[in-house]
Structures are given as C-alpha cells and as structure tokens.
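Read the structure below first, then the notes.
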Amino acid sequence: MRQSNPAISKGIDWSLVWIYLLLVSIGLTAIFAATYKEGDAVIQSFINFKTDYSKQFYFFCFSALLGFFILLTDSKFFAATANLLYAVGIVMLLLVFPFHSPIKGTESIIKLGAFNFQPAELCKIFVALALAKYLSRPETDFTKTRSQLIAAGIALFPAALTIMQSETGLALVYFSFFIVMYREGLPSIVLIIGFSIAALIVATIVIEPNTLAIILTAIAAFIIYLFRRQIKRRRDLLVTILFLWALCVGIQRFAVPMIFKNVLQKHQVERIYDLFGKDNPYLEKGEEISAEDAKKKKESGSSYNVRQSKIAIGSGRFFGKGLLNATQTRYDFVPEQRTDFIFCTVGEGFGFLGSIILLGLYLILLLRIVTIAERQRSVFSRCYAYGVASVFFFHMAINIAMTIGLAPVIGIPLPFISYGGTSLLTFTIMLFILIRLDADRQMVLR
Amino acid sequence: MSVFNQSRSRIIRIIFLIAFVVIIAQLFYLQVIEGKYRQLAMDNAVFAKVVYPERGIIFDRKGKAILNNTIIYDLMVTPAEVKGIDTLEFCRLIGIDTAEFKKRILEARFKNTAVRPSVFKGLLTKELQARFEENSWKYPGFNLVERPLRTYPFNAAAHILGYIREADTKDIEKSGDFYRQGDYIGKTGLEAYYEKVLMGQRGVQYMIKDNKNRLVGHYENGAFDTASVAGRGLRTYIDVELQQLAERLMSNKVGGLVAIDPKTGGILAMVSGPNFNPNDLTGSEGSKNYSRMVLDVTGPMLNRAIGGRYEPGSTFKPLGALVALNEGVITPSYGYPCGGRYTLCGHGKPACTHAGGGHAANVRLSIANSCNAYYAHIYRLTVDNPKYGNVKSGYLKWREYMNTFGLGVRLGLDLPNENPGFIADTSVYNKENANYWTSCTNLTLGIGQDKMLTTPLQMANAMCIVANRGYYYTPHFVEKIDGETEEDTVLMNKFRVKHDVLTHIPDTAFTAVIEGMNDVVKFGTARVAQIPNIDVCAKTGTAENYTILDGKRIKLPNNSMFVCFAPKYNPKIAIAVFVQNAGFGATWAGPISRIMIEKYLNDTLMTKSKADLERIANTNLMPAYFKRLQYKEDSIRAYNWYRDYKDSSLIKRFLKLSASVNEQKSAPPARKMPERSKKETMAAIMPKEKIYHKQANPAAA
Chain A
1 MRQSNPAISK GIDWSLVWIY LLLVSIGLTA IFAATYKEGD AVIQSFINFK TDYSKQFYFF
61 CFSALLGFFI LLTDSKFFAA TANLLYAVGI VMLLLVFPFH SPIKGTESII KLGAFNFQPA
121 ELCKIFVALA LAKYLSRPET DFTKTRSQLI AAGIALFPAA LTIMQSETGL ALVYFSFFIV
181 MYREGLPSIV LIIGFSIAAL IVATIVIEPN TLAIILTAIA AFIIYLFRRQ IKRRRDLLVT
241 ILFLWALCVG IQRFAVPMIF KNVLQKHQVE RIYDLFGKDN PYLEKGEEIS AEDAKKKKES
301 GSSYNVRQSK IAIGSGRFFG KGLLNATQTR YDFVPEQRTD FIFCTVGEGF GFLGSIILLG
361 LYLILLLRIV TIAERQRSVF SRCYAYGVAS VFFFHMAINI AMTIGLAPVI GIPLPFISYG
421 GTSLLTFTIM LFILIRLDAD RQMVLR
Chain B
1001 MSVFNQSRSR IIRIIFLIAF VVIIAQLFYL QVIEGKYRQL AMDNAVFAKV VYPERGIIFD
1061 RKGKAILNNT IIYDLMVTPA EVKGIDTLEF CRLIGIDTAE FKKRILEARF KNTAVRPSVF
1121 KGLLTKELQA RFEENSWKYP GFNLVERPLR TYPFNAAAHI LGYIREADTK DIEKSGDFYR
1181 QGDYIGKTGL EAYYEKVLMG QRGVQYMIKD NKNRLVGHYE NGAFDTASVA GRGLRTYIDV
1241 ELQQLAERLM SNKVGGLVAI DPKTGGILAM VSGPNFNPND LTGSEGSKNY SRMVLDVTGP
1301 MLNRAIGGRY EPGSTFKPLG ALVALNEGVI TPSYGYPCGG RYTLCGHGKP ACTHAGGGHA
1361 ANVRLSIANS CNAYYAHIYR LTVDNPKYGN VKSGYLKWRE YMNTFGLGVR LGLDLPNENP
1421 GFIADTSVYN KENANYWTSC TNLTLGIGQD KMLTTPLQMA NAMCIVANRG YYYTPHFVEK
1481 IDGETEEDTV LMNKFRVKHD VLTHIPDTAF TAVIEGMNDV VKFGTARVAQ IPNIDVCAKT
1541 GTAENYTILD GKRIKLPNNS MFVCFAPKYN PKIAIAVFVQ NAGFGATWAG PISRIMIEKY
1601 LNDTLMTKSK ADLERIANTN LMPAYFKRLQ YKEDSIRAYN WYRDYKDSSL IKRFLKLSAS
1661 VNEQKSAPPA RKMPERSKKE TMAAIMPKEK IYHKQANPAA A
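Protein sequences, first through last, are from chains A and B. Under the numbering used here, think of the first position of the first sequence as 1, with each following residue one higher. Under the numbering used here, think of the first position of the second sequence as 1001, with each following residue one higher.
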C-alpha cells in the first residue's frame, strides 16, 4: 500500500495501524477460544459466517475496507460535515424509539436484515466530531460558562437519549468527553465537583444511608479540624464547609431518594441498582421480590458474572492455561464472554503475562493518541484526537475493571476485542478518521 | 489557549497511567498472589467421576455363584429434553396417571434443574425395563441408567454372605476417609470380612463439565484417569444345595446349624434360625424389609450359628471323656456303678435316665447310654486330680482343655461378630462361693451344664477334633481367592494351618469315645441317625432352659441338640445342630443331621428321609413367648415414640393391633402362619402385622 499509493500513505501514523491490527487479531483469537467447540473444522468455520469468530472476521474485513476508504477521504470532509453527521446521529437515535427490535433488556437496537445495528454505539463518532467542531470554532470562547454548557450539551444529549433506551452503560461513555473539555480549558473545579457528585451518588447507592451520613459528618469534622486556624480568622470558611456538608447529606438523604422515587421509572431505578449488584430499596410495600426470585437474580445477576469472571481470570495464574485449555471461558461459566467479558478469555488463557501485554498495547495506543493530539496544528484535530482517546480509555478501563471486580458491571464492549459488528466498526472508524486527520496535521481545519 | 492548557495533557496522561496501574495491580493480585481461584476453577469445571468397580462374586464348592451382581435400571428424565411425547401413552406404559407424571417432572426440575437428569422412576422391574426399551425412541429426554445390585440366585445363605449398605459416617471415619458418601460397604458376613478383596479398586475419571453441570468430555484427554479394578471372586467350601436343604430344615425354628468338612475346616453349610431370604434386603423393598427385621424380637438378623450361646448338655460328654482319659484319671475300661443318680456329693444330683445294669461299665458304654452320673464323676476326678494340688488348679487345667477344644474362645472363622461362648473362670466361682468351693459345686459342668455356653460352630469344630483324632483347621468358608495376592495369602494363612492341639491324646482314648458315639447311633439315643452303609458317630443333647417374661421365670421346652460326624473312619462331615425349645435331641436335631449327612455323602435321600424332610420343614417350632415379647417391645416403642416426638400414630396403630390380639385370646383359633414372602422362613419371622390388619378391619366395622 505504501509503495503503490504514496499519496495516501503520506503522513500516516503506521504505529496506530499496527496496534489496531494486533488488537483485532487478539480479539479474533479470544472470540475463537471462547466459542470454539471440539471438532469444529477451523478453516471452514472461519469462512462460513456461521460461527461468531467467522462473523467477527467478516466484520473486521468490512471495517478494514471502510478504514481504507476513510484514508482516501479528504480530511476537510470531517470538519465540514461534523454538524450534519451529529444531526444524522441524533435522528438515528430518535428513530430507535419507534423502530427498535424486541430484544430483551435493551431498546437500543434496530434490526437491519441479519444485522443488529446499535446507533448509540455509532453516535460516539459524531459526538466526538461535533464537539471538536464546536470547540475549534474561532468564535467559541471556552472560558465562558455559556460555551461550556453548550459543549456539555452536545456531549450529553445523546447520552440522555441512550439512557432512555435502557443502555445506561453506553450513556456513561459520553461523560468521557469531559476529558476533552478539560483539555480545552474547562476549569478543574467543574471536574472535581462533578466527580464528587458522582462519587456521592454512587456512595448513596452502595452504602447504607445512615452509615453514609455518619461518614460525611466525620469527613466534615475532620476538615474543620484541619482548617481550625484559618477558620479562626475567617468565619465564612466554616460556613462554607457546613453548607457543603449540609448539601452532601441533603443530596444523599433526600435528593437522590426523591429522584429515584418520583422522577425515574421503577425499572430504570432497578437497572441502576443492578449495576452495583444491589436490590432496589425504593419498592412500594407488596412489591418486594420473593427470596426465590432474589436467589435467581443472584445467580444470573451481575454478582454471579463478576464472581465467575474473577475465577476465570484468577485461575489463569501467571502464564495462563493456554488458548484452548481455558475451562472457565470455554465451558460457558462466564456469561457474555464473547462480548463484555471477553477479557476473561485473555486472562484465563494467557494469564497475567498475556493480560499485561494486552494492557500495554492499550496504554501505548492511548499515549500515542495523546501525543498525536498534541502535535496537531488544528484545534479540531486535537479535540477530536482527545475525544477518541477519552472514549477508548473509558471503554478499556471500565470494561477490564468490571471483569476484575473494580467497577460495576455496565455492559460496554472492550475496543477491538469484544465480539460485535457495530462496536468494531465504530472504533475502527474513530481510529481511522484520527489517522486521516493526523496525516494532514500541517493543515488547519476549521 | 492551547498553549495555556498544554500542561493538562500531562495530567491526562497521568490519569490514564494511574487507571492502568490500578488495573494491573488488581490483576497481579488475582492471578499471581491469590491462589484460591485455580481451585475454584477446578471445582467449577472439573468433575471427578468415580467409577465403581464390579464387586467380587462368591462361588460355592462346585463353582456355582451363590452371590452375584445384576444390573437394575433407573428411569431417568432430563426435563428440558422432554418434547412432543405422547404423555398419555407414556403414563400407561409406566403405570402412572398424568397428574403423577406432571408432578414427577416438576419435582425433577425443582431438585436437579431442567437440564440435568434425575430419577423419574427407580429400580424398574425387568418387565417394565423391557417394555420401556422397546419404545424408548418415542420418548426423548428419558433414558435408562444402570444400577449394580447384589443378587442371590439360590435365595440362600443370607447370614453367611451378609449384606452391603451405603457406608455411614462411622464407616467413613474408620476407613480414614477411604470410603465416601454413597459408597457401598460390606456390613456383615463374608461381604464384610472380605471387603477389601470383594470391593476391588475404585477408578476416577476427570470430566470437564460446563456451566449447567453437563459432562462434556475428558479432562486433559483422560491423562489423570485411573481405571477401576473389579473385585475378585471368592471360592468357598459352601455346598449350596446342602445349604438350601439345611435352611429348609431349619425353617420356622430358632437355633443354629453348622456342617464342617473335618479334613479342611471348610464350612459346608451354616444356618441360623429364623432365617431370611437375602434377596429381601436388595432392590426396592430392601430398606423396608431391613427395618422390619431389625425390630423383630426373634432376631432374624442374628447369626445364631456363631452368635447363639447354648449349654451343650450331653453333647459335651465325648469331650469330657477325652479329657479324663488324657489326664489318666480313668482308662477306657473304667466303670462307674450308677444307680440312677449321682450320690457322692450328697444331694443325689444329677439324675440319670438309666439305673443299674452296668450301663456305665466303661467309657464306650457310658457314652452310648449317656450316663450323667458317670460324667459328673469323671469331671470331679479330673479337677480333683492330686497332681494339681487343689480344685482350683485342677479346674484351671480343665478350663485350658476346654479352650484347646475351642470352647470359651473365638475360633476366628472368616465372619465378623463371632461369639466366644463362655467357660467360667475360677474367679466367678470364687466370688459366688465366698472363695470356698469344691468339685461338687460345679459338677454339672461334666454334663455340659452350669457355667458353660457354646456356639453351634464351636461344637461342630469340637466334633472335627474328635473325628480327626486330635487336630483341626480353623473353620472357614473361603477356600481360595481368585487371583490371590501376597496380601491375601497372609489373610488366608491362618485357615491353612493344621492345629495339632490334641493329638497327644492317646489313640485308645479316641477309639473308645468314637466307638461310644458310634454305639449311640447303633443302639443309643441317636438311632434316628442311622444311615445304611454309613457309620455315623453322634451324641444327642437336651438342655433345660428358662426365660423371664413379665417378671416371672417360666420354663421353656428343652433345647434339642445333636452333634455328629460321618463316616466313622475317614470322616467327611461333622455337624452340630441346636434347635431351641424343640424337645429331645433325637426328635428334631437328630433327623436334621441325618438328612444333611445323607445329602452330603450320598447326594440322595432315603424315602424315610424325604418324609422326614417334609415333616420337619413344615413344622413351626417358634417359641410361643416371642409373640408376647414382640407385643411388649412394640408397645414400649410406641410409647417412647409418643414421648419423644409427640406423635401418637404408632400408639394408635399399636392399639388396633392389640385389640385384635386380645380378641384372639378369648377364642384362640388354630392359626396358620400367613405367607409373607416366597420363602417360608420369612413367614415365621414377622407373621403378625398383616394378619392383624386383616382381622382388625372387620372388628372396626
């Protein structure tokens, strides 16, 4: 390719392409290991489009082809059509509501022939582009709160739509765009406050209310103790701390329960609690689930998944069991092992060593993207590159963290590894647009 | 702007890095430090499937399998795979209704999930199994699973063979966790004694299972599997036809019978009455029958041939004579002027059935006429032998003789739970008689009474010693073990040692005793044992016995005893028969022995014996007091059950039963024993329950 068409290959960052190919091959191997059954004819089933690894292989071929076309595209095209594409994405998300296919547990999928198409997944690209476009506008002054609110709106509007489609996990991904905004000058305090509120809400869900109130009070008392000298001089500091404390307790004791009880639908609340492996405590009397149901839920619910996933990964030890000797993943102990829990296959089959290599690849990819972002002359390209890095980071970190019990189980795929056509296509497009933009890094895009 | 925020790119990089470090740290913990996950994964995915070996088979002396393995089938169902079957037809085939069908499927789902097989109907009959097999293609989700089972083709030798049951916690503990829950273990009889030989060696197959616990293949291609080794067979001395005959003869009687080949010590037959059919303890009715037998006061589970203790009575006399002759206190020509009772101790006891006429003019005559006075006297002569200084030393010497004859000690045959019998130590007499006693105190020991208890096995073995003129082999069943190993040889060696314990007794003494025993058959009390062309030597015995019932000491009919061996020269069989509460030795025990000898030596029975066989087999000699005893036991159990569990159902049932009993008391009909089982022996064991129910119903109406 490089020799035959020097015009296209000029300026392309080949390291990204190689990492991409490596990751996709690892993904194919992992899916193969997770779904291969004794006696399958390997070559034959790879091309017959019947097995999952065969399907993934064809998805890859299609994605690679698309990636190639993206490299052929003029990089101005992306900046020019960013807003339009965003609009198309929103329309697609809206179209899901009347046309989604009846698949259990989600309302985010449209069936197109033999394919399940998930606009919420694809929409990430358009948000990244649109956000980059907005931030790179010369008239945008990102120090102004108004601009910051608009930028947040661009990122979070699709998230809201996605939540309404019962895909809380995918919706959370859009919050990763705050990293882009942070890079472009969003005050740190916004992130800190946002993070604190998020932590508080999570704590409200996870920790028993009275215990949490006591913890918060203790923290407040500790802070007052730390700043006792300053407080002597400035009374208003004490007032601020007390106000913050009251706010936190208020959110925890009243705001969150009120929202869960009155604003959100029952099944939505339940889903949120499910993410943390907990039962919905806001049920009306008579709605309590029976012990048997609870047991069933426990066995099929996320805590079971995480337990099995940890067993699978932990049993891989340092060197792993070998590709097809992984008993946990091969014999269906881990649910969703082709998609969200694909990392188990790697952890069990290739052990700590294999996991480190995979994580290393991801880290190299992320740092490389950040480096590329920083060398862009165009703000649009830089913002877009940060968008890509943020989305990738969120997916990788949360996905792997949930398989090893560090994060709640939110169903988001592992980039380039998980089985799934839409997600592979999305990540490929995102990466190749970046490569295309980077190839023209000398150009200034508006 | 971008320049202003350049530093933030470093912060973002650090955030990325921190996240990855945290993840790697957790991975390091899970995969390298924490070791439990490997085991958890093994438990999850690898299933150690125990492969049970086939238990060893037990053969009789002619190579017939008297204990065999058979396979019975359980009908299993995998609810998830049951699709599109004609339920009605299926139910008709199995013999249940559709409601029951639904119930069982639901149960299976509940107990074992829908994807794993559970028992739909256990232990199918042969007919049902055949019927299902023909139609099995119509019923997906149903399949037959083999269950190995012990079977007894001759319906005989229950007490010898013993039985197997699932190992309980005690067995498992005792074996050092060698056995596991669900393993079968020999509980009594040969099954228990030769457990190690019979059980074989368990194999293990490591199977991979999936998330629904279905086995999907061999772990590591079976590299860690071990094959099971089948248990080895036992070749015994038992003559199964003789055994069956003996069981017929002892049916509806309480007592024990042992027949031994004196030349080898091999036990040819051993019966304990009441008996039961070993097949009753296997199969679907097994545990029901078992609990019934355990509660039966007649003790069908007790092997009286090695566990019943009886005064040997007159059957002891040949041994007494041999001891006295060997000690030199008498000679074969020694006579005693018996005038109908023994007078030298002043109380005129024991009495003798004969009076005068020189019926005890020498050893041979004394045995033939079974003179009580003579044997009381020579016992006194033996223990009062001046050689030993005093009666206590003399008694100890006599006791030593008894032990040498195998009385009062365990012989050590290859069955568990052998009773040693009882020969009192001097301390017993010292205690009872304030340390002062003479040979008069226990002179009835000379005629096999007083503090002397023997088992039928011991008496049969003593007959072997007499027949062999001094030596014996430890009685045992197993001649050899198939594929004998060194370990087995160690086990078997003790049965292959000739015990020359009494060969020092002069031949003249043996001749006198043996001729005397021969005379018993020719002219004496055992004429009933005469067989044309065979010189039988025998001794009858009759012992009084008492029991305490409802606080009263009541006299029971005498125990009928008979010991014998045949032929006189080159003996081939020695028998001891004890029938409780049956009367004179010659009436029951004698003919039983004769029929046994005939069968064993001639393989056919005389017309007279055939008639006797019918008569004896059809006579019920179960002591009547057992009924009262059972009644009491049942009432006590019913009360205790009520007291402990506040459940009066047993009492109610019991009251119903007792009402019918009392009714019968007022008008005692000549009841025939009801048929409970194919074997008539079974009928005797537990006759009441059914008949009481039958009669209680009209009374209730």
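For every residue, glycine included, the Cβ atom is placed at its ideal position computed from N, Cα and C.
Note down the Cα distance separating residue i from residue j, rounded to an integer number of angstroms.
i	j	result
Lys1121/B	Met1076/B	7 Å
Pro1623/B	Thr1547/B	11 Å
Asn116/A	Pro158/A	19 Å
Glu1633/B	Asp1550/B	12 Å
Leu425/A	Ser63/A	5 Å
Gly1412/B	His1476/B	8 Å
Cys1371/B	Asn1442/B	17 Å
Arg441/A	Phe97/A	39 Å
Lys1679/B	Pro1386/B	For Lys1679/B, the pLDDT reaches just 44, beneath the cut-off of 50, and the residue's location in the model is therefore unreliable, leaving the point undetermined.
Ile219/A	Pro257/A	22 Å
Cys383/A	His395/A	18 Å
Gly1313/B	Val1536/B	20 Å
Lys1349/B	Glu1285/B	54 Å
Asn1417/B	Lys1253/B	22 Å
His1377/B	Ile1514/B	20 Å
Leu414/A	Ile1096/B	55 Å
Which residues of chain A have a Cβ atom closer than 7 Å to the Cβ of residue i, listed in chain order?
i	result
Arg1013/B	Leu367 and Val370
Phe1028/B	Phe352
Arg1008/B	Tyr182 and Arg183
State yes or no: is the C-beta of residue i within less than 9 Å of the C-beta of residue j?
i	j	result
Leu1190/B	Leu1234/B	yes
Tyr386/A	Ile1012/B	yes
Asn1365/B	Asp1519/B	As written in the sequence, residue 1365/B is Leu, which differs from the Asn given in the question. Cβ atoms of Leu1365/B and Asp1519/B: closer than 9 Å.
Ser1560/B	Ala1538/B	no
Tyr1569/B	Ala1259/B	no
Ala1611/B	Arg1248/B	no
Asp1384/B	Ser1427/B	no
Thr1542/B	Gly1583/B	yes
Thr1098/B	Thr1087/B	yes
Val1032/B	Arg368/A	no
Phe1316/B	Pro1300/B	no
Quick one: residues in its chain with C-beta nearer than 7 Å to the C-beta of residue i, no 5 flanking neighbours on either side, listed in chain order?
i	result
Ala1108/B	Val1077, Pro1079, Ser1118 and Phe1120
Lys133/A	Ala79, Ala82, Asn83 and Phe380
Within its chain, find whatever has a CB closer than 8 Å to the CB of residue i; leave out the 5 residues flanking it on each side and keep chain order.
i	result
Leu1302/B	Ser1272 and Gly1308
Tyr1179/B	Ala1167, Asp1171, Ile1172 and Ile1185
Check the Cβ of residue i against every Cβ in chain B and list those closer than 8 Å, keeping chain order.
i	result
Phe318/A	Gln1031 and Val1032
Phe427/A	Correct list: empty, because the minimum Cβ distance to chain B is about 17 Å.
Give the interface partners of residue i over in chain B, defined as CB-CB distance under 9 Å, in chain order.
i	result
Ala397/A	Phe1016, Ala1019, Phe1020, Val1022 and Ile1023
Using a C-beta to C-beta distance shorter than 8 Å, which residues of chain A count as neighbours of residue i?
i	result
Asn1005/B	Arg183, Glu184 and Gly185
Arg1038/B	Gly314, Ser315 and Arg317
For the alpha helix (DSSP H) that residue i lies in, which residues bound it at each end?
i	result
Leu425/A	Gly421 to Ala439
Tyr1375/B	Asn1372 to Val1383
Quick check on the DSSP output: the beta strand (DSSP E) that includes residue i runs from which residue to which?
i	result
Leu1067/B	Ala1065 to Val1077
Pro1148/B	Phe1142 to Thr1151
Arg1235/B	Leu1234 to Thr1236
Gly1266/B	Gly1266 to Gly1273
If the cut is a Cβ gap below 7 Å, which residues of chain B does residue i touch?
i	result
Ala401/A	Ile1023
In its own chain, which residues sit with a C-beta less than 6 Å from the C-beta of residue i, not counting the 5 before and 5 after it?
i	result
Phe1578/B	Gly1255, Gly1256, Tyr1310, Pro1456 and Met1561
Ile1595/B	Ser1609 and Leu1613
Please check if any C-beta of chain E sits within less than 9 Å of the C-beta of residue i.
i	result
Glu374/A	Protein chains A and B are contained in the structure displayed, whereas chain E is not.
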